[in-house]
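Student:
2 protein chains.
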Amino acid sequence: MSRRDFISKASLLAGSSYPAMMALGLLKAAPAEAFNLEGKGTGKHVIILGAGLAGMAAAYELKKLGYKCTILEARDRSGGRIWTVRNNTRETELDGVEQRAKFDEGMYFNAGAARIPHHHELSMHYCRELGVQLETYNNINEAGFIYNDGQGALANKRIRIREIHNDMRGYTSELLAKAVDQDALDKPMTVEDKEILIEYLRSEGELDPDKLYKGTPRRGYITPPGAGDAPGKLADPYELSEIIRSGLIGHSFYNIGDYIYEQQMTMLQPVGGMDMITKAFERKVGKDIQYKAEVREIRKTTEGARVVYADSTGKNKELEGDFCICTIPLPVLSTIKSDFSSAVLRAVDNVSYYEAGKIGLQFKRRFWEEDDHVYGGISRTNMDIHQIFYPSNGFLSKKGTLVGYYNFGDKAVKVGNLSHAEREKLALEQGSKIHPQYMKEFESSFSLAWHKIRYSQGAFATYTSESRERFYPALLQPDGPVYFAGEHTTYLTAWMAGAFESARRSVRDLHERVMHTQQVEVKHKG
Amino acid sequence: MSRRDFISKASLLAGSSYPAMMALGLLKAAPAEAFNLEGKGTGKHVIILGAGLAGMAAAYELKKLGYKCTILEARDRSGGRIWTVRNNTRETELDGVEQRAKFDEGMYFNAGAARIPHHHELSMHYCRELGVQLETYNNINEAGFIYNDGQGALANKRIRIREIHNDMRGYTSELLAKAVDQDALDKPMTVEDKEILIEYLRSEGELDPDKLYKGTPRRGYITPPGAGDAPGKLADPYELSEIIRSGLIGHSFYNIGDYIYEQQMTMLQPVGGMDMITKAFERKVGKDIQYKAEVREIRKTTEGARVVYADSTGKNKELEGDFCICTIPLPVLSTIKSDFSSAVLRAVDNVSYYEAGKIGLQFKRRFWEEDDHVYGGISRTNMDIHQIFYPSNGFLSKKGTLVGYYNFGDKAVKVGNLSHAEREKLALEQGSKIHPQYMKEFESSFSLAWHKIRYSQGAFATYTSESRERFYPALLQPDGPVYFAGEHTTYLTAWMAGAFESARRSVRDLHERVMHTQQVEVKHKG
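Taken in order, these protein sequences are the chains called Y and R. Residue numbers for the first sequence follow the UniProt record's numbering, beginning at 1 and rising by one. Residue numbers for the second sequence follow the UniProt record's numbering, beginning at 1 and rising by one.
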């Protein structure tokens, strides 16, 4: 894998797509939080396809403007990829058997979106406007583990992230301080600048007076400091060569997830589950949603849009509207009959979606907290489970549900091809290498492969520079009466903010068109 | 200031004392969480001086063992330096006038201890055992600001921490990658190791194919990415020399607070205020506390300990017990008559305490969230206010209380010497440089200087290697019937865990003595 490919993959794992973004020019600002459109859309009917966040937010804003909205939703629930799995949640994957969650009441995990970047203005805005209470999502935890399944003295055992972080800060600071000292840089620096830089490196790496890294309490203790004559006992740092040769700074363990803009602290989550957001929207637009309405055809007519859907009995029905906002994920839309333009159809068929899998594991006891002092955050491995996410809520309580894997791409495909029982077995076996308590404390699981989830068929759209250029533009224009929205119509792919931004974009464009038409009609009459 | 002095100061700011710790040998492990002492202390009376966490935890554990406890507390509240300021909280500093908090109901700030490291086992243990609910304390927030009052192109304006963090990661990775490439290191590395290290540095710094740092989305956007044709607009990185010459990697802005063990994520706080912990202990030992009991004399008698105290009317009273656990902070203890040994008295007189100041500011509107997307975390400056702490709770609500300064040493003395009105003015003026919204949104303040707070007279004990060697040991032995406890008798100075560890240590030592005496008595009788 080339470096560029890796960064691209890493960005995808992080849920964004900035290499493509950077490759493109910088065109236009995203809409600001204020959204004060003028004029009324009274009398106009908009059919919205999908009661995910994009669809519900579009309906919510359109209704403020006086539009009539009908949301057709294939599932018996709203939210789409905003999905909190609780006791009795049921799901049947595309080629699977029905799975039913057997969690204790009050236990849950967020199977789709799970964290909100603090700078995603619209995500924060809608939580504020709709009264959804937020708490910190603890995405960074130095007490998490890394586990490299491979060769080397430090492989095949769990190591605290803080040990590697601080050893690497120490060694790289030491190496650079010496290079600066010896004028071994090809960039000229003044004596004063070098002095300041060296002092900074001393503090970064906690170097000794000879500018050497000899370990630090930052990496934790063998025996912690305490009362009386207990100053604490430090371990020696790992050798740099040992870290390198054990794969611990290899690409599986790059710190990208800690650094990228979308995953920097502060991150947030709704108190009580991500579906608090979908429930908040339901309170506003719930009565406009027709559930179990599976769209079969989308047609442009002389009057507007006509949508054929199968209702809960499987019977075909038709709905006509002045406009349509289609938020259906492209892999699903690709299976629906339509008379879209060829440019739109090519985009629908060719934009890639990423595979992702998750498993929620309920345990009798929060051993990761009680035994290992891990409160939230992530452990990272190069195994199929890829990562373990610990809950950022319910600290100190008795039971807990953690995400036993959240994997992508090849790993998600491989694990997703297993039965639910086999996925559970894999999650427990691999997770046990980090937490031997797994087997004893395990109670039940619920697993999913987003690329096999009906009505989603993918975790999120993933653009390359090429697909942004070739296919993306077709999705930004209305195809007759049909507007496209959803994370796939944004540069915020994989994030809820993408759904919200796209909803506003489609509402603004549609409303401007209606207002323009009204003006023309008024002139005509006048 | 020498580097060693600086690191020492920095450690103090961080609230720990590991240079001293490292200088000393590694003697004995801290007590583990399990605390199953055998035997009963029924019939023995222990006088505990101070209803802070050390005193209350000692009483709680002693009562489990059957001891009778009396806690003398000078204040009209428990908790000591665990103190949550709420509406109507009153305090008169040593040379001051009474101050009364005028906050809205439900608004508060933690004037003393505010955050719990996840690895402080006893802090977590007592919260678990006493049912204190915890939530994430968001100590690290890349969206916080740094503001250097000084010279340079980037001085005198607020800059997001993430910009400097990522620029510095970029430049240092670039410089080191080139040095490694050119074999400019004095440590020999194999070709394979160098390749892995360089790839790691590429990812750390997000270097371009030529291993140059040219900026990164990690540092944020001028215009964020959005829907449609809005890929986001990036700013250029700052120049390395510009960062250096603007003081932004000077010692005021070292990343120590992000890295040290005590402040690494995850940190936690009780839901509803730190005094939820003191209230939980009060439920267990509250009826054993005599409030407004100001200790005047501590005497060793042939039978045990005698304590003279002034009650709420100012009248002297005497209390006799078999033992005494004294948790009174040393600067206060220094003013109390006693017949302690000369070694103890020298320790009491000579162990330094650090000065610290805090101000809570209530604002009409959480502009730091609404306007600036700052949810928790810290802004850092070299001004007198030193740092601004944003609340990690109550996100998205209307009003908020932040900590307008939390300063130490010289800055705390300087600001502490001002009147409350002048402190408020200083906090608002300096804070306005980071948040111009301050003046418009401000409602009320409550300030304190811990070194001027009656019955504390200091924020926490600060040991040097020398004072650990000369004075500390005297505090670890009972002086006749009197045991010493409190953070100053630990290597966890400034942390609640110190209070808890010391409480257990004194209880264990005292109980072992009683058990030993009982055995001797049994033998004698038998």
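Even glycine gets a Cβ: it sits at the ideal position worked out from N, Cα and C. For clarity, every value in this text was computed on a predicted model and none was experimentally measured.
1) Look up glutamine 99 of chain Y in the DSSP assignment and say whether it is helix, strand or coil.
2) For chain Y, is any of its Cβ atoms less than 7 Å away from the one on alanine 30 of chain R?
3) Any idea what DSSP makes of residue 537 of chain Y, helix, strand or coil?
4) With a cut-off of 7 Å, does the C-beta of glutamate 142 of chain R fall near any C-beta of chain Y?
5) List the residues of chain Y whose Cβ lies closer than 8 Å to the Cβ of tyrosine 254 of chain R, in chain order.
6) What three-state label does DSSP hand tyrosine 405 of chain R in the structure shown?
7) Could you give the first and the last residue of the continuous alpha helix (DSSP H) run that contains glutamine 518 of chain R?
8) Which residues share a DSSP beta bridge with serine 445 of chain Y?
9) Give the residues of chain R in contact with histidine 166 of chain Y, contact being defined as C-beta atoms less than 8 Å apart.
10) What are the residues in the stretch 367 to 386 of chain Y lying within 9 Å of chain R by C-beta distance?
11) Have a look at the DSSP bridge pairing and note the partners of lysine 337 of chain Y.
12) For isoleucine 359 of chain R versus serine 445 of chain R, is the C-beta spacing smaller than 7 Å?
13) To the nearest angstrom, how far is it from the Cα of serine 123 of chain R to the Cα of serine 392 of chain Y?
14) Assign glutamate 192 of chain R to buried or exposed, taking buried as 16 or more other Cβ atoms, counted over all protein chains shown, within 10 Å of its Cβ.
15) Mind listing which residues of the stretch 389 to 413 of chain R have their C-beta closer than 7 Å to chain Y's C-betas, in chain order?
16) Nearest chain Y C-beta to aspartate 479 of chain R closer than 7 Å, yes or no?
17) Strictly below 7 Å CB to CB, what residues from chain R border threonine 266 of chain Y?
18) Under 7 Å, do isoleucine 82 of chain Y and glycine 112 of chain Y count as touching if we go by C-beta distance?
19) Give me the Cα-Cα distance between proline 329 of chain Y and glycine 486 of chain Y, rounded to the nearest whole angstrom.
20) Determine which residues share a DSSP beta bridge with cysteine 69 of chain Y and list them.
21) Leucine 37 of chain Y: which of Y:Val520, Y:Val514, Y:Ser352, Y:Arg158 sits nearest, CA to CA?
22) Counting along the chain, where does the beta strand (DSSP E) carrying alanine 305 of chain Y start and finish?
23) Taking just the CA atoms, how far does glutamate 163 of chain R sit from alanine 179 of chain R?
24) Are the CB atoms of alanine 59 of chain R and valine 332 of chain R nearer to each other than 7 Å?
25) Pick out whichever of R:Ala51, R:Phe35, R:Phe484 has its Cα sitting closest to the Cα of glutamate 294 of chain R.
26) So is alanine 474 of chain Y in contact with chain R if we call contact Cβ pairs under 7 Å?
27) Please compile the residues from chain R whose C-beta is within a distance smaller than 9 Å of the C-beta of histidine 119 of chain Y.
28) By DSSP, does tyrosine 472 of chain R sit in helix, in strand, or in coil?
29) For the candidate residues Y:Ala497, Y:Thr490, Y:Arg508, whose alpha-carbon lies nearest to that of proline 231 of chain R?
30) Using a Cβ cut-off of 7 Å (strictly closer), state whether serine 241 of chain Y contacts chain R.
31) In chain Y, which residues lie with their C-beta within 8 Å of the C-beta of isoleucine 249 of chain R?
32) Let me check one thing: in DSSP terms, what residues is glycine 377 of chain R bridge-paired to?
33) For the beta strand (DSSP E) containing asparagine 350 of chain Y, list its first residue and its last residue.
34) Any beta-carbon of chain R closer than 7 Å to the one on aspartate 193 of chain Y?
35) How far does the alpha helix (DSSP H) with leucine 134 of chain Y in it extend, from its first residue to its last?
36) In terms of alpha-carbon separation, which member of Y:Arg283, Y:Val271, Y:Glu204 lies closest to methionine 56 of chain Y?
Tutor: Considering the structure as presented:
1) For the purposes of this step, residue 99 of chain Y is identified with residue 99 of the first sequence, where counting begins at 1. Of the three classes helix, strand and coil, the one that applies to glutamine 99 of chain Y here is strand, per DSSP.
2) Taking the second sequence and counting its residues from 1, one reaches residue 30 of chain R at position 30. Since pLDDT at alanine 30 of chain R reaches only 37, below the 50 mark, its modelled position is unreliable, and the value read off the structure follows with that caveat. Yes, alanine 30 of chain R lies at the interface with chain Y (some Cβ there is under 7 Å from its Cβ).
3) Outside the modelled stretch of chain Y, which goes from 1 to 526, sits residue 537 of chain Y, for which no answer is possible.
4) Here residue 142 of chain R refers to the residue found at position 142 when the second sequence is read from its first residue. At a cut-off of 7 Å between C-beta atoms, glutamate 142 of chain R counts as an interface residue with respect to chain Y.
5) Reading the second sequence from its first residue, position 254 is the one you call residue 254 of chain R. By Cβ distance, chain Y contributes Tyr200, Ser203, Glu204.
6) One-based indexing of the second sequence puts residue 405 of chain R at position 405. Here tyrosine 405 of chain R sits in strand by DSSP.
7) Here residue 518 of chain R corresponds to residue number 518 of the second sequence, with the count starting at 1. Here the alpha helix (DSSP H) through glutamine 518 of chain R covers 496 to 525.
8) As a position in the first sequence, residue 445 of chain Y is number 445, starting the count at 1. Per DSSP, Y:Leu361.
9) Here residue 166 of chain Y corresponds to residue number 166 of the first sequence, with the count starting at 1. Here residue 166 of chain Y is asparagine; the residue named in the question, histidine, does not match the sequence. Simply Tyr259.
10) Going along the stretch 367 to 386 of chain Y in chain order, one finds Glu369, Glu370, His373, Val374, Tyr375, Gly376, Gly377 with a Cβ nearer than 9 Å to chain R.
11) If you number the first sequence from 1, residue 337 of chain Y lands on position 337. In DSSP, lysine 337 of chain Y forms a bridge with Y:Glu297.
12) The count along the second sequence starts at 1 and reaches residue 359 of chain R at position 359. The count along the second sequence starts at 1 and reaches residue 445 of chain R at position 445. Taking 7 Å as the Cβ cut-off, isoleucine 359 of chain R and serine 445 of chain R qualify as a contacting pair.
13) On the second sequence, residue 123 of chain R is found 123 positions in, with the first residue counted as 1. On the first sequence, residue 392 of chain Y is found 392 positions in, with the first residue counted as 1. Distance between the alpha carbons of serine 123 of chain R and serine 392 of chain Y: 18 Å.
14) Counting from 1 along the second sequence, the entry for residue 192 of chain R is found at position 192. Glutamate 192 of chain R should be labelled exposed.
15) Within the stretch 389 to 413 of chain R, the residues whose Cβ lies closer than 7 Å to some Cβ of chain Y are Ser392, Phe395, Leu396, listed in chain order.
16) As a first step, residue 479 of chain R must be located in the second sequence, where it is residue number 479. No, aspartate 479 of chain R lies away from the interface with chain Y (no Cβ there is under 7 Å from its Cβ).
17) Stepping through the first sequence from its first residue, residue 266 of chain Y is reached at position 266. Ordered by position in chain R, the residues that pass the 7 Å Cβ test against threonine 266 of chain Y are Asn138, Asn141, Ala143, Tyr375, Gly376, Gly377.
18) Translated into positions along the first sequence, residue 82 of chain Y becomes position 82. Translated into positions along the first sequence, residue 112 of chain Y becomes position 112. Taking 7 Å as the Cβ cut-off, isoleucine 82 of chain Y and glycine 112 of chain Y qualify as a contacting pair.
19) Taking the first sequence and counting its residues from 1, the one referred to as residue 329 of chain Y is at position 329. Taking the first sequence and counting its residues from 1, the one referred to as residue 486 of chain Y is at position 486. Cα to Cα, proline 329 of chain Y sits roughly 7 Å from glycine 486 of chain Y.
20) The residue you call residue 69 of chain Y lines up with position 69 of the first sequence. Its beta-bridge partners are Y:Val46.
21) Working through the first sequence from its first residue, we reach residue 37 of chain Y at position 37. Of the listed residues, the one whose Cα sits closest to leucine 37 of chain Y is Y:Val514.
22) Translated into positions along the first sequence, residue 305 of chain Y becomes position 305. Where alanine 305 of chain Y is concerned, the enclosing beta strand (DSSP E) stretches over 305 to 310.
23) Here residue 179 of chain R refers to the residue found at position 179 of the second sequence. Here residue 163 of chain R refers to the residue found at position 163 of the second sequence. If I take the Cα positions, the gap works out to 24 Å.
24) Position 59 of the second sequence, counted from the first residue, corresponds to residue 59 of chain R. Position 332 of the second sequence, counted from the first residue, corresponds to residue 332 of chain R. No, these two residues do not count as a Cβ contact at 7 Å.
25) Residue numbering aside, residue 294 of chain R sits at position 294 when the second sequence is read from its first letter. In this structure, R:Ala51 is the residue among R:Ala51, R:Phe35, R:Phe484 with its C-alpha nearest to the C-alpha of glutamate 294 of chain R.
26) By 1-based counting over the first sequence, the position of residue 474 of chain Y is 474. It does not; no Cβ of chain R falls within 7 Å.
27) Along the first sequence, read from residue 1 onward, the residue named residue 119 of chain Y stands at position 119. Taking a Cβ-Cβ threshold of 9 Å, the residues of chain R close to histidine 119 of chain Y are Ala143, Gly220, Tyr221, Pro224, His373, in chain order.
28) The residue given as residue 472 of chain R occupies position 472 in the second sequence. Three-state result, tyrosine 472 of chain R: helix.
29) Within the second sequence, numbered from 1, the residue matching residue 231 of chain R stands at position 231. If you compare the alpha carbons of Y:Ala497, Y:Thr490, Y:Arg508 with that of proline 231 of chain R, the shortest gap goes to Y:Thr490.
30) The residue you call residue 241 of chain Y lines up with position 241 of the first sequence. Serine 241 of chain Y counts as touching chain R.
31) Counted from its first residue, the second sequence places residue 249 of chain R at position 249. Chain Y residues near isoleucine 249 of chain R: Ile196, Leu197, Tyr200.
32) As a working note, residue 377 of chain R is residue 377 in the second sequence. Looking at the DSSP assignment, glycine 377 of chain R forms a beta bridge with R:Tyr390.
33) As a position in the first sequence, residue 350 of chain Y is number 350, starting the count at 1. Under the DSSP assignment, asparagine 350 of chain Y falls outside any beta strand (DSSP E), being part of the alpha helix (DSSP H) whose first and last residues are 342 to 350.
34) Working through the first sequence from its first residue, we reach residue 193 of chain Y at position 193. Among the CB atoms of chain R, one or more fall inside 7 Å of the CB of aspartate 193 of chain Y.
35) The residue given as residue 134 of chain Y occupies position 134 in the first sequence. Run containing leucine 134 of chain Y: none in the alpha helix (DSSP H); it sits in the beta strand (DSSP E), 134 to 137.
36) Along the first sequence, one-based indexing puts residue 56 of chain Y at 56. Ranking Y:Arg283, Y:Val271, Y:Glu204 by Cα distance to methionine 56 of chain Y puts Y:Arg283 first.
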